[in-house]
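Written below as structure tokens is the structure these notes are about.
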Amino acid sequence: MKAVILIGGEATRMRPLTQNIPKAVVPVLNTPFLELVFRYLSQHGIRDIILAQSRRLPIAGYFDDGSQFGIRIDYTNEDAPLDTAGAVKNAEKYLNEAFLVLNGDVLTDVDISAMVSFHRQKRAKVTIALTPVDDPTSYGLVETDDENRITRFLEKPRPDQITTNLINAGIYVIEADVLARIPLQTSFSFERELFPQLLAQDEPIYAYPSAGYWIDIGTPQKYLQLNQDLLAGKASSRNYGFIPNIDVLLGDKTSLNPKAQIKGPAVIGSGCTIEEDALIEQSVIWQQVKIGRRAKVKNSIVANHCQLGDDCVIQDAVLGDNVTVTRGARLAPGSKIQPDTTV
Ligand code: GTP
Numbered sequence: 570m571k572a573v574i575l576i577g578g579e580a581t582r583m584r585p586l587t588q589n590i591p592k593a594v595v596p597v598l599n600t601p602f603l604e605l606v607f608r609y610l611s612q613h614g615i616r617d618i619i620l621a622q623s624r625r626l627p628i629a630g631y632f633d634d635g636s637q638f639g640i641r642i643d644y645t646n647e648d649a650p651l652d653t654a655g656a657v658k659n660a661e662k663y664l665n666e667a668f669l670v671l672n673g674d675v676l677t678d679v680d681i682s683a684m685v686s687f688h689r690q691k692r693a694k695v696t697i698a699l700t701p702v703d704d705p706t707s708y709g710l711v712e713t714d715d716e717n718r719i720t721r722f723l724e725k726p727r728p729d730q731i732t733t734n735l736i737n738a739g740i741y742v743i744e745a746d747v748l749a750r751i752p753l754q755t756s757f758s759f760e761r762e763l764f765p766q767l768l769a770q771d772e773p774i775y776a777y778p779s780a781g782y783w784i785d786i787g788t789p790q791k792y793l794q795l796n797q798d799l800l801a802g803k804a805s806s807r808n809y810g811f812i813p814n815i816d817v818l819l820g821d822k823t824s825l826n827p828k829a830q831i832k833g834p835a836v837i838g839s840g841c842t843i844e845e846d847a848l849i850e851q852s853v854i855w856q857q858v859k860i861g862r863r864a865k866v867k868n869s870i871v872a873n874h875c876q877l878g879d880d881c882v883i884q885d886a887v888l889g890d891n892v893t894v895t896r897g898a899r900l901a902p903g904s905k906i907q908p909d910t911t912v
């Protein structure tokens with residue numbers, strides 16, 4: 570089976586981390602995000618992947634044709650964003666049998682092999698993976714009958730409309746003949762248009778509920794959470810090529826002063842220098858970052874090539890690439906600093 574991965578949007582909520590690189594390749598445990606998704610799909614025997622991009626992003630520079638990862642990757646680009654279903658229609662020439670669709674910002678261990686078997690057994694046109702969340706108000710809710718056949722979609726419900734905590738997980742198995750119902754080169758949504766239309770026509774759309782790990786890296790906070798979850802062994806970390814329960818992950822050629830202290834869960838990328846008595850707690854540091862003496866970094870994300878002066882304090886902050894924090898500076902908690910600035 571082939572998989573289409575949807576890569577779109579401006580990823581504005583992930584700024585300043587995505588000012589210089591697409592969200593799809595932000596480093597998670599020092600590995601480009603999509604590479605983890607490729608490992609997950611490979612575990613389920615899916616090695617033929619189409620990256621459906623809303624615009625031409627520099628992603629091919631990371632993955633090329635996929636051969637170095639033991640997969641095959643084709644790329645499609647849109648002249649103007651075509652939304653989720655329109656993006657898959659744009660990849661139609663690669664799809665001649667049932668296929669999988671994945672939102673490109675989701676990391677999960679939903680058992681897609683079992684989901685595909687379920688889809689076939691139900692003779693469904695579309696099967697949608699569902700995942701439970703604590704607060705469903707900002708997602709698409711899905712109601713089902715006792716046989717897991719979908720009875721209603723509810724996008725971004727008001728609190729009084731909530732009847733389930735199961736949301737659309739952004740993972741679909743779709744029969745190829747469904748593509749004929751999507752208009753060509755037109756913005757068209759699975760969630761708001763195609764699926765409700767299929768439902769209205771009484772087509773068999775099924776839900777595959779899963780209690781597995783699921784996160785969408787929509788915000789820096791979620792991105793930090795994902796790194797910490799993988800370190801803690803959630804999301805069946807072995808599937809992604811990691812040994813779970815390492816508290817601190819250090820990249821190559823990173824020099825850590827013996828008197829520096831790192832409290833996990835924390836990830837430090839390659840080529841960093843961490844000086845004497847620096848303290849790094851529950852943070853993710855990208856590559857080539859210098860952290861000065863007695864500097865404190867807590868619950869923060871520091872992107873590539875940042876320079877943190879001696880005695881500075883950074884908490885709950887997100888620093889874009891190449892930020893300089895001057896000696897002794899204290900950033901207000903929650904700060905988001907644009908790339909190439911000095912604070
Ligand atoms: P972001 O804009 O990435 O924050 O999307 P979202 O989290 O609001 O999700 P949405 O439901 O809009 O999109 C689901 C998935 O489809 C995400 O992975 C998006 O990046 C992707 N996507 C959304 N719109 C488009 C589009 O026009 N073209 C393509 N190729 N992908 C899209």
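Add 569 to a position in the sequence shown, counting from 1, and you land on the number used in this note's numbering. The beta-carbon is built from N, C-alpha and C at its ideal position, and this holds for glycine as well.
Scanning the stretch 626-700 for uninterrupted alpha helix (DSSP H) segments of 4 residues or longer gives 629-632, 652-658 and 681-691, listed from N- to C-terminal end.
Counting C-beta atoms within 10 angstroms of its own C-beta, GLY889 has 16 or more neighbours from the protein chains shown and is therefore classed as buried. The way I'd put it, the stretch 866-885 does touch the stretch 896-903; three or more beta-carbon pairs between them come closer than 8 Å. Out of VAL892, ASP785 and VAL685, the CA that lies nearest to the CA of VAL858 is found in VAL892. If you ignore the 5 residues before and after ASN796, its C-beta comes within less than 8 Å of the C-beta of VAL597, LEU598, PRO834, VAL836 and VAL853, all in its own chain and listed in chain order. By the criterion of a C-beta distance shorter than 7 Å, PRO789 is surrounded in its chain by MET583, LEU586, ILE870 and VAL887, once the five residues flanking it on both sides are discounted. For ALA649 and LEU671, the gap between their C-alpha atoms comes out near 20 Å. Shortest gap from the CB of GLN851 to any heavy atom of the ligand GTP: 7 Å or more. Scanning the stretch 870-903 from its first residue to its last, the whole beta strand (DSSP E) runs of 3-plus residues come out as 882-884. Of all C-beta pairs linking the stretch 770-781 to the stretch 711-718, three or more are shorter than 8 Å, placing the two stretches in contact. Ranked by Cα distance from THR581, the options THR911, GLN907 and VAL912 are led by GLN907. In this structure, ARG692 is the residue among ARG692, ASP704 and TYR792 with its C-alpha nearest to the C-alpha of ILE743.
Collapsing the DSSP output to three states places GLU716 in coil. DSSP, read as helix, strand or coil, puts LYS859 in strand.
With respect to GLY673, LEU793 sits apart: the two C-beta atoms are not nearer than 8 Å. Going by C-alpha positions, ALA804 is about 15 Å away from ALA738. DSSP places ARG727 in the coil class of the three-state scheme, outside both helix and strand.
A distance below 6 Å between beta-carbons, with the five flanking residues on each side excluded, links HIS874 to the following residues of its chain, in chain order: GLN857, ASP890 and ASN891. Shown here for THR823: same chain residues with a beta carbon closer than 8 Å to its own, the five before and five after excluded, namely ILE837, GLY838, SER839, GLY840, CYS841, THR842 and ILE843 in chain order. Of the residues ALA829, ALA872 and GLY614, the one whose Cα lies closest to the Cα of GLY861 is ALA829. One Cα belongs to ALA572, the other to PRO827, and the distance between them is close to 46 Å.
Rounded to whole angstroms, the gap between the alpha carbons of GLU845 and ASP785 is 36 Å. Sorting GLY614, ARG727 and VAL702 by C-alpha distance to the C-alpha of SER682 places GLY614 at the top. By the criterion of a C-beta distance shorter than 7 Å, VAL702 is surrounded in its chain by TYR708, ASN734 and ILE736, once the five residues flanking it on both sides are discounted.
Judged by DSSP secondary structure, ALA738 falls within the beta strand (DSSP E) whose first and last residues are 735-743. Under the DSSP definition of a beta bridge, ASP785 partners with VAL675.
Rounded to the nearest angstrom, the gap between the Cα atoms of GLU712 and ALA660 is 29 Å. Between ASN646 and GLN770, the alpha-carbon positions lie close to 31 Å from each other. The beta carbons of LEU664 and MET570 sit no closer together than 8 Å. The alpha-carbon separation between GLY820 and GLY577 amounts to approximately 29 Å.
Note: GLU850 is bridge-paired with LYS832 and LYS867 in the DSSP secondary-structure output.
Residue burial is scored here from C-beta neighbours: GLY630 has fewer than 16 other C-beta atoms within 10 angstroms and is therefore classed as exposed.
Under the three-state reduction of DSSP, ALA801 is assigned to coil, being neither helix nor strand. With a 10 Å radius around the Cβ and a threshold of 16 neighbouring Cβ atoms, LEU877 comes out buried.
Taking the CA atoms as reference points, GLN851 sits about 5 Å from ASN868. Judged by DSSP in its simplified three-state form, SER839 adopts coil rather than helix or strand.
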